[in-house]
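Novice:
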Amino acid sequence: MAQFRFVMRSGPTVGRTFPLEGEEISIGRDTSNKISINDAEISRKHARLLWKGEGYLLEDFGSTNGSFVNGQRLSGSIPLKVGDLVALGENVVLMVEAEYDPDATRLSARTGKAVKVAPVPAAAPAPVPAYAGQVPAEPVPAPVPVAAKKSRKVIWIVVAVVILLCICGVSLFLYFAPCEFWSSIPGVQWAPCP
Numbered sequence: 015m016a017q018f019r020f021v022m023r024s025g026p027t028v029g030r031t032f033p034l035e036g037e038e039i040s041i042g043r044d045t046s047n048k049i050s051i052n053d054a055e056i057s058r059k060h061a062r063l064l065w066k067g068e069g070y071l072l073e074d075f076g077s078t079n080g081s082f083v084n085g086q087r088l089s090g091s092i093p094l095k096v097g098d099l100v101a102l103g104e105n106v107v108l109m110v111e112a113e114y115d116p117d118a119t120r121l122s123a124r125t126g127k128a129v130k131v132a133p134v135p136a137a138a139p140a141p142v143p144a145y146a147g148q149v150p151a152e153p154v155p156a157p158v159p160v161a162a163k164k165s166r167k168v169i170w171i172v173v174a175v176v177i178l179l180c181i182c183g184v185s186l187f188l189y190f191a192p193c194e195f196w197s198s199i200p201g202v203q204w205a206p207c208p
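Residue numbers for the sequence shown follow this note's numbering, beginning at 15 and rising by one.
#1: Which word fits Leu179, buried or exposed, when buried means at least 16 other C-beta atoms lie within 10 angstroms of its C-beta?
#2: By the 10 Å Cβ neighbour count, where 16 or more other Cβ atoms means buried, how is Val28 classified, buried or exposed?
#3: Since Phe195 is in the beta strand (DSSP E), which residue starts that stretch and which ends it?
#4: Which of helix, strand or coil does DSSP assign to Val106?
#5: Is Leu179 helix, strand or coil by DSSP?
#6: Since Val61 is in the beta strand (DSSP E), which residue starts that stretch and which ends it?
#7: Taking the straight line between their C-alpha atoms, what separation do you get for Arg43 and Lys66?
#8: Could you give the distance in angstroms between the alpha-carbon of Ile171 and the alpha-carbon of Ser165?
#9: For Leu34, which residues from the same chain have a beta carbon less than 7 Å from its beta carbon, with the 5 sequence-adjacent residues on both sides left out?
#10: Leaving out five residues on either side along the sequence, give the residues of the same chain with a beta carbon under 6 Å from the beta carbon of Ala101.
#11: Do you know offhand how far Leu188's Cα is from Lys167's?
#12: Taking all protein chains shown into account, decide if Ile39 is buried (16 or more other Cβ within 10 angstroms of its Cβ) or exposed.
#13: Once the 5 residues before and after Ser24 are set aside, which same chain residues still bring their CB inside 6 Å of it?
#14: Going by the beta-carbon positions, is the gap between Gly90 and Ile56 smaller than 8 Å?
#15: Give every residue of the same chain whose Cβ lies closer than 7 Å to the Cβ of Leu72, excluding the five residues on either side of it in the sequence, and list them in chain order.
#16: Where does Ile199 land, buried or exposed, given buried means 16+ other C-beta within 10 angstroms?
#17: By a C-beta neighbour count over all protein chains shown, 10 Å radius and 16 as the cutoff for buried, is Gly201 buried or exposed?
#18: Let me know if Ser77 comes out buried or exposed under the rule of 16 or more other beta-carbons within 10 Å of its beta-carbon.
#19: Helix, strand or coil for Ile56 per DSSP?
#20: Give me the DSSP bridge partner(s) of Leu72.
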């Protein structure tokens, strides 16, 4: 018989192994769970595993962030296979692994005779990303933000409006200036006064 386990591939304790033992295994953030994972994305009672015949079924408890098997959101329960990736929320990914006893025998369902079971190899580890190339020595300068260009345009518009208001103010003052103002200016021969 196989001994199943979860191995954490991403999350708070990468590489941690959780042996799967028992008819029902609860998974969640609360320490009362058989598999307790301290991550904010995981509900206190997130999911459970149920032993059915030859393997476990995974069932989500209606958690907020959901449970996923091989990228598909879980609805209902689903049987787990060796190599399946179980994601709990966005941060935690567990891989289903199994150890087989190479000396184990199994009874054939049809004949009732002992049959030698070949060991199933463990799933291959996830591939490591290839080297992407040389990293530039200096960061590439960021383009000038559009907001900076707009703010300069606004400044020029404000300056033009202020200049126009000053010209209008001086013009109005000169138009409505009293006669004494015009006669006090030396060298002015014409004044708008009678």
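Cβ atoms here follow ideal geometry from the backbone N, Cα and C, with glycine treated the same way.
Computed from a predicted model, the values in this text were never measured in an experiment.
Specialist: The short version:
#1: Reading the sequence shown from its first residue, position 165 is the one you call residue 179. The Cβ neighbour count for Leu179, taken over all protein chains shown within 10 Å, is under 16; the residue is labelled exposed.
#2: Indexing the sequence shown from 1 puts residue 28 at position 14. Flag for Val28 reads exposed.
#3: Locating residue 195 in the sequence shown gives position 181, where the first residue counts as 1. Counting along the chain, Phe195 falls outside any beta strand (DSSP E), though it belongs to the alpha helix (DSSP H) covering Cys193 to Ser197.
#4: Here residue 106 is taken as the residue at index 92 of the sequence shown, counted from 1. Strand at Val106.
#5: For the purposes of this step, residue 179 is taken as the residue at position 165 of the sequence shown. Look at Leu179 here: in three-state DSSP terms it is helix.
#6: Counted from its first residue, the sequence shown places residue 61 at position 47. Looking at the sequence provided, one finds Ala at residue 61 rather than Val. Where Ala61 is concerned, the enclosing beta strand (DSSP E) stretches over Ala61 to Lys66.
#7: The residue you call residue 43 lines up with position 29 of the sequence shown. The residue you call residue 66 lines up with position 52 of the sequence shown. Our two residues, Arg43 and Lys66, have alpha carbons roughly 24 Å apart in a direct line.
#8: Indexing the sequence shown from 1 puts residue 171 at position 157. Indexing the sequence shown from 1 puts residue 165 at position 151. Those two C-alpha atoms are separated by around 10 Å.
#9: Position 20 of the sequence shown holds residue 34. For Leu34, the CB contacts under 7 Å within the same chain, skipping 5 residues up- and downstream, are Phe18, Arg19, Phe20, Leu63 and Tyr70 in chain order.
#10: Within the sequence shown, numbered from 1, the residue matching residue 101 stands at position 87. So the list reads Phe82 and Val107, once near-sequence residues are dropped.
#11: In the sequence shown, the residue the question calls residue 188 occupies position 174. In the sequence shown, the residue the question calls residue 167 occupies position 153. The alpha-carbon of Leu188 is positioned some 32 Å away from that of Lys167.
#12: Counted from its first residue, the sequence shown places residue 39 at position 25. Under this definition Ile39 is a buried residue.
#13: Numbered from its first residue, the sequence shown carries residue 24 at position 10. Closer than 6 Å at the Cβ level, and outside the excluded window around Ser24, lie Val107.
#14: Here residue 90 refers to the residue found at position 76 of the sequence shown. Here residue 56 refers to the residue found at position 42 of the sequence shown. Going by beta carbons, Gly90 and Ile56 fall outside the 8 Å limit.
#15: For the purposes of this step, residue 72 is taken as residue 58 along the sequence shown, with counting starting at 1. The residues are Ala61, Leu63, Ser81, Val83, Leu88, Ser91, Ile92, Leu94 and Val100.
#16: One-based indexing of the sequence shown puts residue 199 at position 185. A residue is called buried when at least 16 other Cβ atoms come within 10 angstroms of its Cβ; Ile199 does not meet this threshold and is exposed.
#17: Here residue 201 refers to the residue found at position 187 when the sequence shown is read from its first residue. Burial call: exposed.
#18: Against the sequence shown, residue 77 aligns to sequence position 63. With a 10 Å radius around the Cβ and a threshold of 16 neighbouring Cβ atoms, Ser77 comes out buried.
#19: Taking the sequence shown and counting its residues from 1, one reaches residue 56 at position 42. Secondary structure of Ile56 (DSSP, three-state): coil.
#20: Start at 1 with the first residue of the sequence shown, and residue 72 comes out as number 58. According to DSSP, which records beta bridges pairwise, Leu72 is partnered with Leu63 and Ile92.
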